[in-house]
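Residue numbers (the UniProt record's numbering): 1 to 857.
Listed below in structure tokens is the structure:
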């Protein structure tokens, strides 16, 4: 009863203190920021710190008096006035970062600012941990007294041991400086600095960074209700939440101290890249927390998003690099002043969202935060594009140092593909049951579950053929049409660039997943035929599909790499593909269990959209502008028949030194590879169910393990083998196909499930076959022919499943009764043939090298 009476007044006092600590310093900082550019950072920090010290001394006195007499809590609001009037933490932070900008260069500035962020969080963390113990041992007055002593020590340290970072250009006395502090001229100077037009879109970049910081602060308002969420969802008490907060802050400190040097010094990432990685980490963190069904998942979220706190240092470094030294403090104080008032909006917003959804879905506010971070990410891509186009080249990262080019976008689109594939098939079966067969939803919901009755099994046998026809139609649309389009796209990309092709593929995929999500959402309220899903695939097919995507990606890699590092880059791209597939495989069942099919398709669409934004704003065209053909209508040029004629002439024309034969040997190997891979995939799950009685869950674990081993082979394995044995790219491709052949043989002879895992572990290098083969083509063909050859290759690859699927199905049915694994022997033979083809290619390459050597001598 007493608690209920006290809470409203305590809330009012706290609200007033929050306003005094946020709004008033934001106004005071406007004067001190401009003043520090003229009279130095050191006096600015001393003035603001003195205000903080005065406030804590007053708090100490009030707490001590309250132990003797009765005091109204409103006196505590007055105690914060010195803190606020002299700028508080807003001015201290701005002065500290301005000081760092003055004393560092572009190479070390980001790391030093990261260390500053880490020291701030470390101090907050130590205070958070110590406060409860100090309060337990002494009292509130002693706690405020300890804080006052620490602030006094900080002031002494600044006054004695810290030199000012700027050389003062005037000799005004102390009174004149203080009088100048309150001059309206400082406000006019600050606004002039902030709004003045600058060359190279600097003003627009600065305003965008302020808006971006505001968005991240807005999303950070979710922290106000996060404790309530953990109590509601996981039953956490204050102690458990404190442990979680401690771990979160500790990991962010680790990200600033260790993560930034790794990104900057080892991976040579630009500051814009650091900020993008940080914001993506925030998005992932919010999404995992939104989907979390257990407390350990929250710890998982903060563990894998260790870099989420690095955006502040990166953004401040960008600002300090493009601004003159005399304007830095003005900008920092204005920016911090604007963002300081954001909590006044974010706290009510997230409180409203949480209260509105607390009974139905208390985790919704996490998705709101993820959406705000998504808007911040889009804005960061725009900032990156502006910097790349209009500002000094020293801010840009040289292409030769780029470790990641298309990999993030490739990972996202293949994640979208795999996270939705099984769910899509399940959705087709469900809507076939409800729409085509007219069954009720409760009955159709039981399809594919582990506890199927005899009635459900009969219904599944009836639904399966109809669903298979829909999936087959979708497969035909997404294979035949792209195969034909790819014949035009490849030659077109050699003339007009790779980036439009890749953007087109991502746009088509985004539209497809968006339409699928819409149809799935509408099917929750209306009866909709599952055949509409086939129409959704048309956008992907017309934009080129996987054929055009693979062509564009590998042509891009071939353009921006040289013969020395091309194979490694292609292997890394392939590893990104596998990583996306692995992440999709592992997450799809969990997301479906926590939400529904519509959410899964929406997540897929968002992933592709992020990849599309990354490409539009972050990826540059790989073909030089002077090499691009000029025309007013590039779209009309795409469907010219002479492009196909040009493609055929390029692929079949006679070339010196057996190059044409080498190219066709590799094309045949790649086509045979897809033939065996897709054919095996058609019946492999049926084989596992028949031979080892595996469920879909068992197969998912095995598939994830196989992908993980291939990722290791494409990265660490490839690096080690090239260093130890110095094998050529052609022989590495032969090795990859040989590993495929050995793995298929083990699968054919396996009598226990662990034999399959042994095969994937032994043959972990099989994933290098594809990228190494494409590297052979790109190293053999001239740069202006690569797009045509790759497009023909992908067209042939996309058609081969039309022949392999019926063949493997026939073989499996024919041998099911006496040897269900016989198809694996066919696969092994095909892969062995691919390995022989690559060995023949190497022989012809050696003949060319020998001939050249003899002619020289």
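Don't be surprised by glycine CBs; every beta carbon is placed ideally from N, CA and C.
### Task
Could you say which of 428, 612 and 479 lies nearest to residue 531 if we only look at CA atoms?
Here the closest residue by C-alpha is 428.
### Message
Under 8 Å: do the segment 572-590 and the segment 375-382 share three or more Cβ pairs, one atom per stretch?
### Response
Not touching, per the Cβ criterion.
### Task
Specify whether the segment 272-287 and the segment 147-157 touch according to this definition: at least 3 beta carbon pairs, one from each stretch, less than 8 Å apart.
By the Cβ test, the segment 272-287 is not in contact with the segment 147-157, since fewer than three Cβ pairs between them sit closer than 8 Å.
### Message
Which of the three DSSP states is assigned to residue 227 in this structure?
### Response
Three-state DSSP puts residue 227 in a helix.
#### Entry: Separation of residue 439 from residue 513, as counted between CA atoms
In a straight line, the C-alpha of residue 513 is about 27 Å away from that of residue 439.
#### Entry: Pick from 520, 442 and 95 that is closest to residue 420, judged by C-alpha positions
Ranked by Cα distance from residue 420, the first of 520, 442 and 95 is 520.
### Task
Determine, using beta-carbon pairs with one atom in the segment 738-749 and one in the segment 783-797, whether at least three such pairs fall under 8 Å.
With a cut-off of 8 Å, the segment 783-797 and the segment 738-749 do not count as touching, because too few Cβ pairs lie within range.
### residue 234 beta carbon less than 9 Å from that of residue 294
In contact: residue 294 and residue 234 (Cβ atoms closer than 9 Å).
### Query
Can you name the start and end residues of the alpha helix (DSSP H) that residue 876 belongs to?
Not covered by the structure: residue 876. The range shown for the chain is 1 to 857.
### C-beta contact flag for residue 614 and residue 826 at 9 Å
For residue 614 and residue 826, no; Cβs fall outside 9 Å.
### Message
With H, G and I counted as helix, E and B as strand and the rest as coil, what does DSSP make of residue 262?
### Response
Looking at residue 262 - three-state DSSP - the assignment turns out to be helix.
### Task
Measure the CB-CB distance between residue 744 and residue 676 and report whether it falls below 9 Å.
A contact, by the Cβ cut-off of 9 Å.
### Task
Could you check how far apart the C-beta atoms of residue 250 and residue 126 are, in whole angstroms? I think they sit under 8 Å.
Contact between residue 250 and residue 126 fails: their C-beta atoms lie close to 11 Å from each other, not under 8 Å.
### Message
For residue 735, tell me which candidate among 754, 705, 706 and 771 has the shortest Cα-Cα distance.
### Response
Checked all of 754, 705, 706 and 771; the closest Cα to residue 735 is 771.
### Message
Am I right that residue 890 and residue 611 are in contact with their C-beta atoms under 8 Å? What's the rounded C-beta distance?
### Response
Here the chain covers residues 1 to 857 and nothing more, so residue 890 does not appear.
### Contact under 9 Å by Cβ, residue 730 with residue 838
Here residue 730 is near residue 838, since their CB atoms are less than 9 Å apart.
#### Entry: Residue nearest to residue 252 in terms of C-alpha spacing, selected from 206, 311 and 212
For the residues 206, 311 and 212, the minimum Cα distance to residue 252 belongs to 311.
### Task
Would you mind sorting residue 526 into buried or exposed? The rule is 16 or more other CB atoms within 10 Å of its CB.
Label assigned to residue 526: exposed.
### Task
Please confirm if the segment 358-374 is in contact with the segment 214-232, defined as three or more CB-CB distances below 8 Å between the two stretches.
Taking 8 Å as the limit for Cβ pairs, the verdict is that the segment 214-232 does touch the segment 358-374.
### Collapsed DSSP secondary structure at residue 432 in the structure displayed
Of the three classes helix, strand and coil, the one that applies to residue 432 here is helix, per DSSP.
### Query
Out of 112, 202 and 664, which has the shortest C-alpha to C-alpha gap to residue 259?
Check the Cα spacing between residue 259 and each of 112, 202 and 664: the tightest is with 112.
#### Entry: Stretch-stretch touch, CB-based, cutoff 8 Å, three pairs: the segment 761-768 with the segment 455-470
The segment 761-768 vs the segment 455-470: no contact.
#### Entry: Contact under 9 Å by Cβ, residue 79 with residue 48
For the pair residue 79 and residue 48, the CB atoms are not nearer than the 9 Å cut-off.
### Message
Taking only three categories from DSSP, how would you classify residue 439?
### Response
Here residue 439 carries a coil assignment [DSSP, helix/strand/coil].
### Query
Is there contact here, the segment 694-712 with the segment 764-784, by at least three beta-carbon pairs under 8 Å?
At 8 Å Cβ cutoff, the stretches touch.
### Task
Would you mind giving the Cβ-Cβ distance between residue 40 and residue 88, rounded to the nearest angstrom? I have them listed as a contact below 8 Å.
The Cβ separation is near 19 Å, so there is no contact.
### Message
Given a cut-off of 9 Å on the beta-carbon distance, is the pair residue 468 and residue 529 in contact?
### Response
Going by C-beta atoms, residue 468 is not nearer than 9 Å to residue 529.
### Task
Using beta-carbon positions only, say whether residue 417 and residue 604 come within less than 9 Å of one another.
A Cβ-Cβ contact shorter than 9 Å links residue 417 with residue 604.
### Query
Hey, is the segment 584-602 in contact with the segment 813-830, meaning 3+ C-beta pairs nearer than 8 Å?
No, the segment 584-602 does not touch the segment 813-830.
### Task
Please work out which residues of its chain come closer than 6 Å, Cβ to Cβ, to residue 674, disregarding the five sequence neighbours upstream and downstream, and give them in chain order.
Here the set comprises 797 and 800.
### Task
Reducing DSSP to helix, strand and coil, say where residue 82 ends up.
Residue 82: helix per DSSP, three-state reduction.
### Query
From residue 120 to residue 363, what distance separates their C-alpha atoms?
Residue 363 has its alpha-carbon roughly 29 Å from the corresponding atom of residue 120.
### Query
How long is the line joining the alpha carbons of residue 61 and residue 592, rounded to whole angstroms?
Each residue's Cα considered, the two are about 58 Å apart.
### Task
Inspect the beta-carbon positions of residue 480 and residue 802 and report whether they are closer than 9 Å.
Yes.
### Query
Taking C-alpha atoms, which residue in 716, 309, 157 and 322 lies nearest to residue 203?
The option with the nearest alpha carbon to residue 203 is 322.
### Query
So residue 361 is in the alpha helix (DSSP H); what residue range does that whole segment cover?
If you look at residue 361, you'll find it isn't in any alpha helix (DSSP H); DSSP assigns it neither H nor E.
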